[in-house]
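Chemist:
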Amino acid sequence: MARIARFEIAGNIHTAIDTGEGWHQLEGDLFGQHSAGSPIEVPDKRLSPIEPPAIFCVGLNYRAHAVEVGADLPERPVLFMKTVNTITGHGQNIEIPGQATSEKMDYECELAIIIGKRCKNVSAESALEYVLGYTCANDVSARDWQMEWGGSQWCRGKSFDTFCPLGPELITADELSSPNELEISTFVNGEKLQHSNTSDMIFDVPTLIEFLSASTTLLPGTVILTGTPSGVGVGRKPPIWLKSGDSVTIEIEKIGALTNPVVDEPL
Ligand code: ZN
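First residue of the sequence shown? That's 177 in our numbering, and the numbers climb one at a time after it.
#1: Give the DSSP-derived three-state secondary structure of residue 308 in the structure shown.
#2: What does a CB cutoff of less than 6 Å around residue 191 pick up in its chain, not counting 5 residues either side in sequence?
#3: Mind the definition here: the stretch 368–377 touches the stretch 291–301 only if three or more C-beta pairs lie below 8 Å; say whether that holds.
#4: Can you give me the C-alpha to C-alpha distance between residue 414 and residue 245, rounded to a whole angstrom?
#5: Check whether the stretch 415–434 touches the stretch 279–287, counting contact only when three or more Cβ pairs, one atom from each stretch, lie closer than 8 Å.
#6: Can you tell me whether DSSP reads residue 321 as helix, strand or coil?
#7: Could you pull the start and end residues of the alpha helix (DSSP H) that residue 239 belongs to?
#8: Pull every residue with its beta-carbon under 5 Å away from any heavy atom of the ligand ZN, and keep them in chain order.
#9: DSSP three-state label for residue 218, please.
#10: Is the beta carbon of residue 386 closer than 7 Å to that of residue 274?
#11: Would you say residue 388 and residue 256 are within 7 Å of each other, going by their C-beta atoms?
#12: If residue 262 sits next to residue 340, beta carbons under 8 Å apart, how far is it from one beta carbon to the other, in whole angstroms?
#13: Check residue 179 in the structure and name its three-state DSSP category.
#14: How about residue 200 and residue 187: are their beta carbons less than 7 Å apart?
#15: Give me the Cα-Cα distance between residue 383 and residue 303, rounded to the nearest whole angstrom.
#16: By a C-beta neighbour count over all protein chains shown, 10 Å radius and 16 as the cutoff for buried, is residue 189 buried or exposed?
#17: Looking only at its own chain, which residues have a Cβ that is under 7 Å from the Cβ of residue 432, when we skip the five neighbours before and after it?
#18: Which ranges does the beta strand (DSSP E) cover as unbroken runs of at least 3 residues, wholly within the stretch 329–360, from first to last along the chain?
#19: Determine the contact status of residue 380 and residue 319, defining contact as a CB-CB distance below 7 Å.
#20: Quick one: grab the DSSP three-state call for residue 382.
#21: Quick check on DSSP: helix, strand or coil for residue 249?
#22: When the distance is taken between beta carbons, is residue 306 closer than 7 Å to residue 293?
#23: With H, G and I counted as helix, E and B as strand and the rest as coil, what does DSSP make of residue 388?
#24: Whole-angstrom Cβ separation of residue 272 and residue 420, contact assumed at under 8 Å?
#25: Can you grab the Cα-Cα spacing for the pair residue 403 / residue 360, in whole Å?
#26: For residue 239, which residues of its own chain have a beta-carbon under 8 Å away from its beta-carbon, when the five flanking residues on both sides are left out?
#27: Take residue 184 and list the residues in its own chain whose beta-carbon comes closer than 8 Å to its own, dropping the five residues that flank it on each side.
#28: Sorted by chain position, which residues of the same chain lie with C-beta nearer than 8 Å to residue 368's C-beta, five sequence neighbours on each side aside?
#29: Alpha carbon to alpha carbon, what distance is there between residue 209 and residue 177?
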């Protein structure tokens, strides 16, 4: 039972663990033997709680979201990926691309799974044994690059720097009785624009791990974004696009609230 956070002070990266008695330096291997060392003060501004080797993403995993973007309900999970340069943490800026200009910046609240053990060909029945924990994710998307200028591939529009805020903390899997019974919301400047429950996923967490690990090795630290519910900016009439000065918060029950300011990319 624990919460895990990472942060940087004076160029040094620290990993901290809170097992219910406050934050302590994590000693040892997060994916293996570890213990709580000396007490440590954790700042509000964080790094991502994990540095993933890969980020798998599932599109169209909530019925109402598939409808709002005009897509058919998928027969199997729709897989795409984000690159690891997208990772950022709680309190850090989301940058609107300036060199690769975007005018259609969107938010997506998502439950993120963090894989704890190397695995392949996992059954849904045993899938949760391979989960280290969960955190909040924002699958930031440049819809112009995703839908108009990406040659029908989503990678470009999903993979600019800062497009994958994760945090504020990783909650170990044993802290949740089920990952598929959590309220999930997005707030932009305090206004609630997305709200659902992870019970509304078309493919639940064990099913996603079975699907993604089929003939595919999942490495420790791999992050899986599980899809977003309805209410994204592109689905609204008129659309809502993020702009410099906005603040986006992804909130998931029992996990936390991930907040990031939006700024223009410094050039
Ligand atoms: Zn997404």
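Glycine included, every Cβ here is placed at the ideal spot set by N, Cα and C.
Modeler: Working from what's here:
#1: Mapped onto the sequence shown, residue 308 falls at position 132. Residue 308: strand per DSSP, three-state reduction.
#2: Taking the first residue of the sequence shown as position 1, residue 191 is located at position 15. The beta carbon of residue 191 is closer than 6 Å to those of 182, 202 in its chain, skipping five residues each way along the sequence.
#3: Between the stretch 368–377 and the stretch 291–301, the count of C-beta pairs closer than 8 Å stays below three; the two stretches do not touch.
#4: For the purposes of this step, residue 414 is taken as the residue at position 238 of the sequence shown. For the purposes of this step, residue 245 is taken as the residue at position 69 of the sequence shown. Using only the alpha carbons, I get a separation of about 13 Å.
#5: Touching, yes, given that three or more Cβ pairs across the two stretches are closer than 8 Å.
#6: Taking the sequence shown and counting its residues from 1, the one referred to as residue 321 is at position 145. Residue state, collapsed to three classes: helix.
#7: By one-based count along the sequence shown, residue 239 stands at place 63. Run containing residue 239: 239–244, per the alpha helix (DSSP H) assignment.
#8: Output, sorted by chain position: 284, 315, 404.
#9: As a position in the sequence shown, residue 218 is number 42, starting the count at 1. Three-state DSSP puts residue 218 in coil, outside helix and strand.
#10: The count along the sequence shown starts at 1 and reaches residue 274 at position 98. The count along the sequence shown starts at 1 and reaches residue 386 at position 210. No, the pair does not count as a contact, with Cβ atoms beyond the cut-off.
#11: On the sequence shown, position 212 is the one that residue 388 refers to. On the sequence shown, position 80 is the one that residue 256 refers to. Cβ atoms of residue 388 and residue 256: not closer than 7 Å.
#12: The residue labelled residue 262 in the question sits at position 86 within the sequence shown. The residue labelled residue 340 in the question sits at position 164 within the sequence shown. Contact between residue 262 and residue 340 holds: CB atoms are separated by about 4 Å, below the 8 Å threshold.
#13: Within the sequence shown, residue 179 is the residue found at index 3, counting from 1. In this structure, DSSP gives residue 179 an extended state, which the three-state scheme calls strand.
#14: Looking up residue 200 in the sequence shown gives position 24. Looking up residue 187 in the sequence shown gives position 11. No, these two residues do not count as a Cβ contact at 7 Å.
#15: As a first step, residue 383 must be located in the sequence shown, where it is residue number 207. As a first step, residue 303 must be located in the sequence shown, where it is residue number 127. Cα to Cα, the separation comes out at about 8 Å.
#16: As a position in the sequence shown, residue 189 is number 13, starting the count at 1. With fewer than 16 other Cβ atoms within 10 Å, it is exposed.
#17: Residue 432 sits at position 256 when you count from the first residue of the sequence shown. These residues qualify, in order along the chain: 312, 344, 345.
#18: Listed in chain order, the beta strand (DSSP E) runs fully inside the stretch 329–360 are 340–348, counting runs of at least 3 residues.
#19: Translated into the one-based positions of the sequence shown, residue 380 becomes position 204. Translated into the one-based positions of the sequence shown, residue 319 becomes position 143. Between residue 380 and residue 319, the gap from beta carbon to beta carbon reaches 7 Å or more.
#20: One-based indexing of the sequence shown puts residue 382 at position 206. In this structure, residue 382 counts as helix in the three-state DSSP scheme.
#21: Along the sequence shown, one-based indexing puts residue 249 at 73. Coil.
#22: Position 117 of the sequence shown, counted from the first residue, corresponds to residue 293. Position 130 of the sequence shown, counted from the first residue, corresponds to residue 306. It is a contact, given that the beta carbons lie within the stated cut-off.
#23: To locate residue 388, count along the sequence shown from 1; it is residue 212. For residue 388, the three-state secondary structure derived from DSSP is helix.
#24: In the sequence shown, counting from the first residue as 1, residue 272 sits at position 96. In the sequence shown, counting from the first residue as 1, residue 420 sits at position 244. Right, their Cβ atoms sit about 6 Å apart.
#25: In the sequence shown, residue 403 corresponds to position 227, counting from 1. In the sequence shown, residue 360 corresponds to position 184, counting from 1. Straight-line Cα distance between these residues: approximately 11 Å.
#26: Reading the sequence shown from its first residue, position 63 is the one you call residue 239. Once the five neighbours on either side are set aside, the close Cβ partners of residue 239 are 249, 376, 378.
#27: Within the sequence shown, residue 184 is the residue found at index 8, counting from 1. Excluding sequence neighbours, residue 184 sits near 190, 223.
#28: Position 192 of the sequence shown holds residue 368. For residue 368, the CB contacts under 8 Å within the same chain, skipping 5 residues up- and downstream, are 361, 362 in chain order.
#29: Start at 1 with the first residue of the sequence shown, and residue 177 comes out as number 1. Start at 1 with the first residue of the sequence shown, and residue 209 comes out as number 33. Using only the alpha carbons, I get a separation of about 14 Å.
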